[in-house]
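Visitor:
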Amino acid sequence: MAFVTFCGLRTGDLRLIARTVLSKIFLENLHLHACEVLKGRRAVVLTTLPRLMVEGFLKEYLEVGEVVGAELQVVKGCYFTGVISWPDKQRALRDMVKAGAAIVNLSNVHHHQLSAKEIYVVREEESRSESSKMPRNKYPKPLVFHDGRLAFLPTPCEMMAFFMWIPVAIPLAVFRIAMGIVFPYKISIFIAAITGI
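Residue 3 in this note's numbering sits at position 8 of the sequence shown, and the numbers go up by one each step.
(1) Once the 5 residues before and after D8 are set aside, which same chain residues still bring their CB inside 8 Å of it?
(2) How many Å lie between G191 and K19 at the Cα?
(3) Quick check on T150: does DSSP put it in helix, strand or coil?
(4) Looking only at DSSP bridge pairs, what is T65 linked to?
(5) Looking only at its chain, what residues have a beta carbon closer than 6 Å to the beta carbon of L25, apart from the 5 residues adjacent to it on each side?
(6) Is it the case that the segment 33 to 47 contacts the segment 61 to 69, given that we only count it when at least three CB pairs across the two stretches are under 8 Å?
(7) Look up S80 in the DSSP assignment and give the residues it is bridged to.
(8) One question on the structure: do I186 and M174 come within less than 7 Å of each other, judged by their Cβ atoms?
(9) Return the Cβ separation of G77 and F170 in integer angstroms, given the expectation that the two are a contact with Cβ distance under 8 Å.
(10) What whole-angstrom Cβ distance do L57 and L27 have, given they're in contact under 8 Å?
(11) Among the residues of its own chain, which have a CB less than 7 Å from the CB of M155, if the five just before and after it don't count?
(12) L134 by DSSP, collapsed to three states: which one?
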């Protein structure tokens, strides 16, 4: 699956996607206790996901020190091949000793018992319950979705406002497109600015 997903993708594109879109997904599934444990510590996170996918989120939102995970191989310095190489787990475990704490799931506790001073076990059934997920008002930073607007949970009031905007939005979009086609570039930029672009 990783080959199909990443083959031929530019490295900059993945960093952009990981930083914007994946941050939203990770925040919505963030375990409350894990976030409290990581807060204010130099942490090293060992993950089975490709490092580039989670590193931006972990460093920006949870302020971890280092992320160790699978590496995506690159060709010509800027394109992913789709092949994943796994990191040196011994180095990761040595880094965890320096960090002092490990957050693990029940299946891989034994890997970390000798390497971390504190071990926090997150059980699978506990991590899936809604009560263990971090509520939006406790996010470490506000969630800004990839298009630059604040992402919101669609409540009935917000959805009503959205559907009431559609009759205005469609003619406005058609007008903006028509002005871009009919007028020269310099004039169409001015008209676009007036109509809110």
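Cβ coordinates follow ideal geometry from the N, Cα and C atoms, glycine included. All of these numbers come straight from a predicted model, not from anything done at the bench.
Guide: So, to answer that:
(1) Taken in chain order, the list of residues that qualify is empty.
(2) 26 Å
(3) T150: coil per DSSP, three-state reduction.
(4) The sequence shown places Ala at residue 65, rather than the Thr named in the question. P45, per the DSSP bridge assignment.
(5) M129
(6) yes
(7) E66
(8) yes
(9) No, G77 and F170 are not in contact; Cβ-Cβ is about 43 Å, not under 8 Å.
(10) Not really, about 12 Å apart at Cβ, beyond 8 Å.
(11) none
(12) According to the sequence shown, residue 134 is Tyr rather than Leu. Reduced to three states, the DSSP call for Y134 is coil.
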